[in-house]
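Sequences listed follow chains A and B, in order. Last residue of the first sequence: 116 (the numbering used here), numbering continuous. Last residue of the second sequence: 228 (the numbering used here), numbering continuous.
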Amino acid sequence: NAGVMQNPRHLVRRRGQEARLRCSPMKGHSHVYWYRQLPEEGLKFMVYLQKENIIDESGMPKERFSAEFPKEGPSILRIQQVVRGDSAAYFCASSQAGTGTNTEAFFGQGTRLTVV
Amino acid sequence: GENVEQHPSTLSVQEGDSAVIKCTYSDSASNYFPWYKQELGKRPQLIIDIRSNVGEKKDQRIAVTLNKTAKHFSLHITETQPEDSAVYFCAASNKGWGKLQFGAGTQVVVTP
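Here is the structure:
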């Protein structure tokens, strides 16, 4: 089991470009969560998805940010028209279930986005 | 919504001593409290967790205690070693794992 895979590990974008971050959950996991970590800060919840469904997006900025988890393929976090304030580490986590037992979540290595 | 406060922000201990990190939470409905360890530039790793139906849990040198009445929980690391140096985050959730609210983190430095 390769664990939660995120790519790319590092991404540099110029202001105004689009950033696409990918996350493949652990085998057998159907719940995916995205978190953002600003330098020297804690992780902030962004969005929770199951296959083809957004369960909770209360942490997502209202504009420019979107997420999906299609039936086939990885989950994608998309940031349009990036600004310098979007520079952060974006972590994806996955779990086998969303509530109850077997809810332990495992994090990927993260994508470090730098906007120049 | 849930708010998690974590103290201290930095903690320096001598190798072999104990380290204690404390967190408080605001939502009385929170029922799941994991602790994560994050080394520089790496992913957060779950080291221990506790659910609201348990008051204490131990795993070798690591223990977590939960006081639901006071709404606080603590991480205890005994016989600290240099490899324990990292940032530790507490978190809380009222929806199983679904949505974690993290504390700001504690930088632990263990000096030989």
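Just so you know, even glycine gets a beta-carbon here, dropped at the ideal spot from N, CA and C. From a predicted model like this one, the values you see are computed outputs, not experimental measurements.
Residue Phe45(A) holds the alpha-carbon nearest to the alpha-carbon of Leu77(A) among Gly28(A), Phe45(A), Met26(A).
Judged by DSSP secondary structure, Pro150(B) falls within the beta strand (DSSP E) whose first and last residues are 148-154. In this structure Leu182(B) is in contact with Ile166(B), their Cβ atoms being roughly 5 Å apart against a cut-off of 8 Å. About 6 Å separates the beta carbon of Thr111(A) from that of Pro8(A), a gap short enough to meet the 8 Å contact definition. For His192(B), the enclosing beta strand (DSSP E) stretches over residues 188-193.
Among the residues facing chain A, Lys187(B) is not included, as its CB has no counterpart in that chain under 7 Å away.
At a cut-off of 7 Å between beta-carbon atoms, Gln50(A) makes no contact with chain B. Unbroken beta strand (DSSP E) runs of no fewer than 3 residues, entirely contained in the stretch 23-49 of chain A, are found at 31-37, following chain order. Nearest CB-CB separation between Ala135(B) and chain A: not below the 7 Å threshold. For the stretch 12-46 of chain A, residues whose beta-carbon sits nearer than 7 Å to a beta-carbon of chain B comprise Glu41, Gly42, Leu43, Phe45. Taking C-beta separations shorter than 8 Å and ignoring five residues to either side along the sequence, the partners of Gln50(A) in its chain run Ser30, His31, Val32, Phe69, Gly98, following chain order.
The beta carbon of Lys173(B) sits closer than 6 Å to the beta carbons of Ile166, Val180 from its chain, once the five residues preceding and following it are set aside; these are given in chain order. Cβ-Cβ distances below 7 Å link Lys184(B) to Ser168 in the same chain, with the five nearest sequence neighbours on each side left out; the list follows chain order.
Across the set Lys71(A), Ser58(A), Gly42(A), Glu104(A), the C-alpha of Gly42(A) shows the shortest separation from the C-alpha of Tyr90(A). Residues Gly3, Val4, Met26, Ala93, Ser94 of the same chain have their beta carbon placed closer than 7 Å to that of Phe106(A), with the five preceding and five following residues left out of the count. A Cβ-Cβ separation of about 7 Å places Gln223(B) in contact with Ser125(B) under the 8 Å criterion. Neighbours of Gly132(B) in chain A, taken as residues at a C-beta separation under 9 Å, are lacking, since the least C-beta distance is about 28 Å. Shown here for Thr227(B): same chain residues with a beta carbon closer than 7 Å to its own, the five before and five after excluded, namely Ser128, Gln130, Glu131 in chain order. Taking the Cα of Ala220(B) as reference, the smallest distance to any Cα among Gly28(A), Cys23(A), Leu38(A), Gln17(A) is reached at Leu38(A). According to DSSP, Lys173(B) shares a beta bridge with Val180(B). Residue contact with chain A for Pro160(B): present (Cβ-Cβ distance below 7 Å to some residue of chain A).
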